[in-house]
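Peer 1: Just so you know, we're using full-length UniProt numbering here: the sequence shown kicks off at 1 and counts up by one. We treat Cβ as the ideally placed atom computed from N, Cα and C, and that holds for glycine.
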Amino acid sequence: MAAQSGRLCFVAEWFHVEAGITRTYLLTYHLSDNAIEVFDQRSKRTFLRRTKIPELTTRDFFVGSKINVFGRPFDIVDYADEITRNTLAKYRKRGFVLLKSSMWPKNLGEFLTTLIENKININNALMVQFSPKTVTQFLASKQDDDVHTSVLMNELLTGPAISLELIGDNVAEIMSACSKYNTENASTTIVLSPSMQQLFEREEVRYGFYCPEREENVAKDLKFFFEERHSIIKECRFKNSTLAIIKPHIIKDGYLGQILNEILTSGFKITAMRMLLMARVNCEEFYEVYRGVLPEFIPMVAQLASGVCMCLEITSEDPEKNSHQEFRSFCGPMDPEIAKLLRPHTLRSKYGISKVLNGVHCTDLADDTNLELQYMFKILE
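#1: On the three-state DSSP scale, how would you describe GLN4?
#2: Thinking just about the alpha-carbon of each residue, which of PHE330, ARG229, LYS234 is nearest to the one in ILE263?
#3: According to DSSP, what are the bridge partners of ARG45?
#4: In the DSSP assignment, what residue or residues form a beta bridge with TRP14?
#5: In terms of residue numbering, what span does the beta strand (DSSP E) encompassing HIS249 cover?
#6: Identify, in the order they occur along the chain, each residue of the same chain with its Cβ nearer than 6 angstroms to the Cβ of residue 452, setting aside the five sequence neighbours on each side.
#7: Helix, strand or coil for LYS119? Go by DSSP, reduced to three states.
#8: Helix, strand or coil: how does DSSP classify SER266 here?
#9: By DSSP, does THR189 sit in helix, in strand, or in coil?
#10: Taking C-beta to C-beta, are VAL77 and VAL63 nearer than 8 angstroms?
#11: Opposite CYS236 in the DSSP bridges: which residues?
#12: So what does ASP75 bridge to, in DSSP terms?
#13: Take SER306 and list the residues in its own chain whose beta-carbon comes closer than 6 angstroms to its own, dropping the five residues that flank it on each side.
#14: Quick one: Cα of GLU337 to Cα of GLU296, how far?
#15: Buried or exposed for LYS239, going by 16 or more other Cβ atoms inside 10 Å?
#16: Roughly how many angstroms separate the alpha carbons of LEU380 and CYS362, rounded to a whole number?
#17: From this set, MET273, LYS142, GLN258, PHE39, which residue's C-alpha is nearest LEU243's C-alpha?
#18: Within the continuous alpha helix (DSSP H) that includes ARG94, where are the two ends?
#19: My parser needs the beta strand (DSSP E) runs of 3 or more residues fully inside the segment 327-361; what are they?
#20: Kindly indicate which three-state DSSP category LEU166 falls into: helix, strand or coil?
#21: Taking 8 angstroms as the cut-off, does the segment 194-207 touch the segment 97-109 (at least 3 CB pairs, one atom from each stretch)?
#22: So, at 8 angstroms on beta carbons, what are the nonlocal neighbours of residue 399 in its own chain, with the 5 sequence-adjacent residues on each side left out?
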């Protein structure tokens, strides 16, 4: 993929917290050298001259994406020229799925892995807990031919669901075809890959998620879950639980599904989830305890700020076990090289590359578990 001019141009917004205003910028990404230029539309001045940012790739740039440029979080809200629109709009489309509580505890990792292998990326995720009021609000705009509302209402009230924003080629049509795969009412021109056929021929997976029937309803569902405030985010337990953060490099490299599968098949439960893009100042604040202690402090901050991460509240399936202790042991030593020698079956041994790119963050001290969970799920909005 390449634009004719060798660059992609977008309209991007940055919310200035102190001033309480949103500023608009022209953001240009040069394909040849992974360089960024940022132009301030308001002052008509260059905000950032052409600068290489190796952490960013073409996969990070699409309408709806959130990126960090030297610690400043930008929301990409539109295409800035027709070349970029024509290059990207055809295949970087947004999709939405809602995973029901009957399906995701056993199938989340495999579900995401299959999507990612088929070039459908996860751009946002949130675990939600519906009440009768919020599920009625969600289903109010649905058409009778879109969904059996009474059945779905009961399913969504039985336990927490996971909402996902997807990015991919014809993603809305593909997910609709997956929901109807191997059924009598399946009528679509979409041909599913063998791996997707294998996954969605299983009834517990095929009937275990909701997706909009029509592409025009995708934006409505994404707005409901990720923009509007409906008090649906699943609250943390804050009791015998701990924090895990799947780092940006894991998500960019396509291992999100594998990591989640490892967690869910190794005696742990996920009781809260959210994806977010952290500003650099928040990453520094979160890692403050390591400042002056670890020489990797600055690159650790840069890695956490380099893209979206996934935050999880983890509990042990066995309530008698110490969740923090069990999960910390499951992650292994901070240095993957040491983990490979001493704890080869741990997460960091399998997915880590270095002390900075070690796959996951887990809370070091038991006394800090609730503090870290509060920071990620309460303080950061």
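Peer 2: Looking at the coordinates:
#1: On the sequence shown, position 4 is the one that residue 4 refers to. Low confidence applies to GLN4: its pLDDT is 45, below 50, so where it sits in the model is not reliable enough to give any reading.
#2: For this step, residue 263 is matched to residue 263 along the sequence shown. It is PHE330.
#3: The sequence position of residue 45 within the sequence shown is 45, counting from 1. BP columns for ARG45 point to ASP40.
#4: What you label residue 14 is simply residue 14 of the sequence shown in a count that begins at 1. Answer is ARG23.
#5: Walking along the sequence shown from the start, residue 249 turns up at place 249. HIS249 -> not in any beta strand (DSSP E); alpha helix (DSSP H) instead, spanning 248-252.
#6: Residue 452 is absent from the structure shown; the chain starts at 1 and stops at 381.
#7: Here residue 119 refers to the residue found at position 119 when the sequence shown is read from its first residue. Coil.
#8: Taking the sequence shown and counting its residues from 1, the one referred to as residue 266 is at position 266. Coil.
#9: In the sequence shown, counting from the first residue as 1, residue 189 sits at position 189. Of the three classes helix, strand and coil, the one that applies to THR189 here is coil, per DSSP.
#10: To locate residue 77, count along the sequence shown from 1; it is residue 77. To locate residue 63, count along the sequence shown from 1; it is residue 63. Cβ distance < 8 angstroms, so VAL77 and VAL63 count as in contact.
#11: For the purposes of this step, residue 236 is identified with residue 236 of the sequence shown, where counting begins at 1. According to DSSP, which records beta bridges pairwise, CYS236 is partnered with nothing at all.
#12: The count along the sequence shown starts at 1 and reaches residue 75 at position 75. In the DSSP output, where bridge partners are listed per residue, ASP75 has GLU13, LYS66.
#13: As a working note, residue 306 is residue 306 in the sequence shown. Answer for SER306: GLU55, PRO248, listed in chain order.
#14: Reading the sequence shown from its first residue, position 337 is the one you call residue 337. Reading the sequence shown from its first residue, position 296 is the one you call residue 296. About 15 angstroms.
#15: Position 239 of the sequence shown, counted from the start, is the residue given in the question as residue 239. When all chains shown are included, LYS239 counts as exposed.
#16: Taking the first residue of the sequence shown as position 1, residue 380 is located at position 380. Taking the first residue of the sequence shown as position 1, residue 362 is located at position 362. Between LEU380 and CYS362, the C-alpha separation is close to 18 angstroms.
#17: In the sequence shown, counting from the first residue as 1, residue 243 sits at position 243. Checked all of MET273, LYS142, GLN258, PHE39; the closest Cα to LEU243 is MET273.
#18: Here residue 94 is taken as the residue at index 94 of the sequence shown, counted from 1. Taken as a continuous stretch (DSSP letters only), ARG94 belongs to no alpha helix (DSSP H), being part of the beta strand (DSSP E) at 93-99.
#19: none
#20: Here residue 166 is taken as the residue at index 166 of the sequence shown, counted from 1. Correct three-state label for LEU166: strand.
#21: yes
#22: No statement about residue 399 is possible, as the shown extent of the chain runs from 1 to 381 and does not include it.
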